[in-house]
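Residue numbers (my numbering), protein chains in the order written: chain H, 193 to 696; chain D, 193 to 696; chain W, 193 to 696; chain B, 193 to 696.
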């Protein structure tokens, strides 16, 4: 299902870049940032912002923000303004809260006693309400509803240390991390460095890459001496677009300093004793691009394993396996491989239909999702189909697709979902419909097959999902070192078990 | 390959709609036209135009044209203007010739002695140069370089028949068809009817559909009494988006009149004795949407057969079969089925990258096509891959993809192309790079595998392609009637054998 | 009154430029054209178009058209496209007829048997209906409702003279002029020349200017050897903006050829015996910019004379003379000078109010024209005011102004109008409200002072206007030569006497 | 001179409206705000913002901001969003400082411990640097360079008074006023009231108006019972556009509360003993619209008096008096009246030229200001002209105008300036070129007539200006009450005497 259909969405993507070596750099930092952001566009299409710094003392920051896709928000003129940056951070956003749209657009930049800082944030602070009150009680007016401004002001109002020549930003970041346990992956730019920070639960992803000369991009032995710059991104899928090599993940709780001299781990803030990491399992299931790497494994591979597991847990007696294009395809291929059934395409997509204006209350509106898909009738007429979907959120999009297939001649249509039912809200950065809108909480869920018109519907179990996810990590751990000593994932939206107590 | 990459493109799509029954109609004709056009968007993204008529005596025509995608060109306000139409035709365009962009946008509308007509054209007149001269010699100034205006003026300057009360437009259309053998699929709107015309060689496609009530859309027995309107389209893929059922193709040489009273075949202009039809074989290979139906067979199925045939003609000893997403997927699945090799995805696509502004002469430009694809490394590292492509035109896009795969760990990369090499220009409506740009005409073609960096490259033969295409038709003919007594396809771009003598 | 208020408007302005000397020229022709057009913007704000030619054999034409003001329609990119022109013509348009807006935008460019021509037209053909029929009877389809296309096709369909090496465009132009007596000022560009044509009645203005080096712009003795180019324009006010000197008017009926070698009068087509010229008298009263020169006199001076004449014909016993800013100011100053009354400003204008969106049916809408003016209360409170207006068309704008002044303390408000009442439609290029909308044709006109709330209302007489206009010409004629042997003006909208018989 | 030419500009205009009586109001508050802002457009054309509140507990605020003119920034859709407001404030801005353009756009809205407030500011805090440091030292990050944010945060960080049920905003405002002496006119919206505040020196203007039913707008006896709402504005010129009557000025140092129950003066903060008010004298000379009323007198009248005074101080022996349109016209008329010389127009303006794109380094650029004006040659050829200007800032615009007039035949051109030379920077809200750019500080100033090409140049003296301004006030004071006990104006840009010590 498409994001807009399912009603569930990631809230943001963050990306940063620091040119290595002597400055002014020859590296086109603004272009790297833009392309990096484009590769994260699936994490947010509402607005985009870039801030660059020349890294001088005092630094000159240049900023541009705009509504819509990166390609809309960053016209050539805007990029030209940003071109003198030697480092920069950027952000793409899914939805706004608060009262002024462009104002909520990140990165957030403020002047403090110790200079100008810029902050880009992916996630949602579980205790933001209490923190807002705290900040306002200190006498600060907050101009947006965004956590990014809140974080920025929290960093600013740490008891000032005027006695020091330079402000101790790292101390402030550590202080911030003791005030809020999760959820955040942060990029904080100050003058000539970027601090990349991941909350102690590692709820949102953050990876580091290394820019190498294009000519050496694929030479296995390219050493650090070739480094043209460092990048940091919500997802590693952005690295290839800009000619960067995957370097490593920022660890849960880690503060990493990225400067023109390289990458340096400054500190790892621990979780409370006994708490496991809580990396969002839906990044694997749904949000991330399939070519991204988390915890040492490719997202595509995890989805394929989910499909295999689903075939074991919920087999069907049908003629062919298919998919709702495009996100469920790896799971469908996994299901086909495990079950031995042929994989066949039954729908093709009309990429252009999305943005067309339709008058309300017309017969065309009744056609609904059918407008988005072409039916490959000859591939399944007279046959029994199992259709793999990656998730069913509100149940309103799969139903007309089933109808389409039946009318075009499918004799049976079975649905298998490569993730468990979503039942609980997320307070950590994912936009999920209200509890009442979720099909899994409705009375109709008891006979969901009947409700959506399928011959049968079955879901992957939570255990099945967790094992499909963690299986790949363990094998990775064997070969690697201490970095993933503990493994744990947030399944709150499926189980209602939140990684930290909610203080709302 | 994407159109923009390969440099080969369809020039147009046409679509029309007439509301059935009493007028003013309840059918939202302007909306049907817009959605129909959206479904043909892959045939032209440069500009779009709609003309509606209320069908009265004299008729009121309303017209809107705009640059860019249908969704851009038709803002809600534009649609509102068009809403009183009871019938209409529309057009989407790929590329312009001539000196004023919006002016070249179709449909072309003119006032004639006998009233206003509107014309939408897909194709390219082989003898347009001679016809332009003829028209100008008559004293007509031509304001665009488009064949559509030329056709309109040719229809207008037929020796006027002032003695008749109503002009004989059908006679004029027949007259036009004797003046130019190919290539055209035409929609001509006059007051309250649309004439749908296909050239005697049937070079460009044209299909008719029937709008039925949404509630009866999938009832097998819905008879003609339920008809809400008639539609006519370059491709049948548009019918599903608007709730129409496939009715039939317009035959080569046929003039069909579509009015609120129904569909009526007026005439079939014959080809010169001995000439076969010449339906463009590249509609199957590349241009058409996979869910469209030509000559009784689904395009997807033909592509799959091409893949199977390719596996027979050019087998490989590899570990997996894959595709350059997305257009070559049916051929890849066919190749996999025939060869017994597993089908595996090796690339995923970043949908957003296309429109980003890139500064010239930078390292990022060197990355080229790599920016568009994510590499699913774990799916093929350490393996031998055969990559199926639907065509190789200039050879400049497959090369970086092969490099990507090798660097990510593929031990061998073989290329199999599900169509023969393109060697000759098209003068019948397809935009093909110049002879010099076509890789098949370059010296490098002799060692194309070496040139593009593949372990081997093989193409489908012309015979293989033709048999894969025609195999499905014959079986169809057995069951059906006289309509496809003769079968023939234009393979001029592959063989240099043009269906008619070129008069350039 | 503003155009939009009064509902009366000029339909077009035309402008052309040819670079002198060797080509490619150093003169920035596209910029000259744009600025020239800007200076004619008051003649049409709806759309603008420019066509340039490089003048080669065969020539390359470049064209750009757009909706709205010149500054909107001609973005920097558009100008860059046009920059290689050595000559060009352009057009700004007030209102469209016909069914497609941008399509009606001039200049109109067509390919003919003898090459490409471009036409820009100011005026309206009195016999356009008959001419359209004639052209269509010849078998030509007309794609717009504009006279410009009609003229272009009339030029094209003159019996072709294939035997000649070069087409005789001048013969075709003469032929056209015998077919339609008025109203037109035309610029016709063919390859490397512009033909500037004025109809035999001289109904619409057309003047020629000479571009000199900026440094020599004000040297009295700058001879023709300094010429950088030639310009031709609906009004001479455009010459100063581009650094051109006034050269002369195109005479009624004259065909002037402008090339890089200079200006050459080719022919003067005579009027029917006994007919006087019929230059539109409202160009003086209302349309033209005050710094333009017609028939040897400055428009401002004529307006001032109208004010003086009005003071003689319709004196008032008041304390001060004022004006509705800005177009009536010269008449008000003339009235003040003649009457000896002090000239005082009573209103100031808010330039920004025009384009603000106002919700319908609100109290703010009731405020009407008051939103547009600030009242300079202290200048007239407790005083008797005579307000000079240049014309009263529908009477709906002066009324709220009178109310404003009274409420702010004027003890009496008298209205004097510096032109006679408009009673008849114009068929020669001016957009006048329908007969029914004109206040002079309404029953209320009998007591117009009571109707609009004034203490008294008086108009200039037709004789007074004509003498104020012609007085300046006669004195000019004494000093000059044969060119204005006859003097005559069209007063059809005031008297119903049209210069030619109307063939509608 | 136009603002853009002279390089001197006002930085802002503020406007507010509260609907009277029961809520929800029938008054279209968003429309009143928009039109009020349009009437202040001359004070700032760069960006515009509106914030409305429904006045409920807690209130819902709606906000829209945009770049450009009000008519551009407030599309119909934006206005629709704002329509449910019962009160609101708005702002138009001239120039930005800081790093993000739209972000600097006012009003500034923040959440505080005690609820959301919105602030619009006209002026510039003389001690903003120190105040910024103070705020940042408290631990607040400042996201813009604007004083508006600074003021908002200063209001927020007043030691919180949690013990109170409602926050004492008035105490906070008083506190703010003790921290910064000048320059500010402020509108502060909190829930259901607007606080209108003027600094103790009254440096920037602020006036209150009363909305009455349109039908009673001009009834002298319309009492407060008719009140539909209250408005507050930088200039009273905005009142007429929206159907409001002038009520009174906010006094220097006064805090006025405006609610649906009416207008209430809460407090007047005194100046330091011995300090006079310091209302910006350039509001009279240049910035304000001529129909605005300050200190009981119309701006137009003051300008006319300046012209008269100039005629006394600096007479000329010439044939006619004229003006550079349009702002110097009242002074020119005053000069003409005093001197007995005839007032004559010599230039007319091309309103459209401003926004046209001109390629750099061309002959057309050399034409400079000449493009903007038409020359009314016949009005002055062969005559001696005195041209009145309101100010000469950099001297680069008057020079080409003098040249234009000479070349067109003026035998002498004398310049008289209706204000003294500007020599010093303004730190209180006016954008003045740097000291080096001011012609009065350049060596050329010694022979300014020679430098700009005039026959003579003379300026009004500071004493002359001050007396022309204050003459009207004194007569007003005689008739009125205590409100203007003291009279004083800021002449810092002319004399270097600033009203308060500068703490930069």
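C-beta: ideal position from N, C-alpha, C; glycine also. None of the values given here were measured: they were computed from a predicted structure.
Taking residue 644 (chain B) as the reference, which of B:607, B:663, B:334, B:511 has the closest Cα? B:607
Could you tell me if residue 331 (chain W) is buried or exposed, where buried requires 16 or more neighbouring beta carbons within 10 angstroms of its beta carbon? buried
Report the rounded CA-to-CA distance for residue 528 (chain H) versus residue 521 (chain H), giving the unit in angstroms. 10 Å
Using a Cβ-Cβ distance cut-off of 8 Å, determine whether residue 328 (chain H) contacts chain B. yes
Applying the 10 Å Cβ sphere with the 16-neighbour rule, what's the burial state of residue 350 (chain W)? buried
Partners in chain B for residue 260 (chain H), counting only beta-carbon separations shorter than 9 Å: Per Cβ cutoff of 9 Å: no residues; residue 260 (chain H) is ~14 Å from chain B at best.
Using a C-beta to C-beta distance shorter than 9 Å, which residues of chain H count as neighbours of residue 345 (chain B)? 331, 332, 333
With 7 Å as the limit, tell me which residues of the segment 472-502 of chain D have their beta carbon closer than that to any beta carbon of chain H; keep them in chain order. 481, 482, 483, 490, 492, 493
Thinking C-alpha only, which one of W:588, W:344, W:665 is nearest residue 311 (chain W)? W:344
Would you mind working out which of B:498, B:666, B:472, B:657 sits nearest residue 690 (chain B), comparing C-alpha positions? B:472
Strictly under 8 Å for the Cβ-Cβ distance: is residue 360 (chain W) near chain D by that measure? no
With 8 Å set as the bound, which would you pick, yes or no: does the beta-carbon of residue 569 (chain H) sit closer than that to a beta-carbon of chain B? no
If you draw a straight line from the C-alpha of residue 575 (chain W) to the C-alpha of residue 536 (chain W), how long is it? 11 Å
Just to confirm the assignment, what range does the alpha helix (DSSP H) spanning residue 235 (chain B) have? That residue, residue 235 (chain B), is in no alpha helix (DSSP H); it is neither H nor E in DSSP.
At 7 Å on the CB atoms, spell out the chain H contacts of residue 563 (chain D), in chain order. 227, 433
Within this structure, are the beta carbons of residue 286 (chain W) and residue 203 (chain W) separated by less than 8 Å? yes
Below 9 Å on C-beta distance, what does residue 304 (chain W) contact in chain D? 328, 331, 332, 333, 334
Can you have a look at residue 453 (chain W) and say buried or exposed, based on whether 16 or more other CB atoms are within 10 angstroms of its CB? exposed
Coarse secondary structure for residue 310 (chain W), derived from DSSP in three states: strand
Please report the distance separating the alpha-carbon of residue 298 (chain D) from that of residue 282 (chain D). 7 Å
Alpha-carbon spacing of residue 767 (chain H) relative to residue 309 (chain B), whole angstroms: Outside the displayed span of chain H (193 to 696) sits residue 767 (chain H), for which this structure offers no information.
Helix, strand or coil for residue 364 (chain D), going by three-state DSSP, please let me know. helix
Pair within 8 Å by beta-carbon distance, residue 621 (chain B) and residue 341 (chain B): no
DSSP beta-bridge partners of residue 764 (chain W): As displayed, chain W neither begins before 193 nor continues past 696, which places residue 764 (chain W) out of reach and without an answer.
Suppose the cutoff is 7 Å on Cβ atoms and the five residues either side in sequence are ignored; what does the same chain contact list for residue 647 (chain B) look like? 604, 605, 606, 641
Using the three-state DSSP reduction, which class does residue 194 (chain W) fall into: helix, strand or coil? Note that residue 194 (chain W) scores a pLDDT of 35, beneath 50, so its modelled location is shaky and nothing firm can be said.
Tell me the rounded alpha-carbon separation between residue 290 (chain H) and residue 623 (chain H). Note on residue 290 (chain H): pLDDT 40, under 50, position unreliable in the model; the coordinate value appears next. In a straight line, the C-alpha of residue 290 (chain H) is about 15 Å away from that of residue 623 (chain H).
List the residues of chain H whose Cβ lies closer than 8 Å to the Cβ of residue 298 (chain D), in chain order. None at all; the shortest Cβ gap to chain H is about 18 Å.
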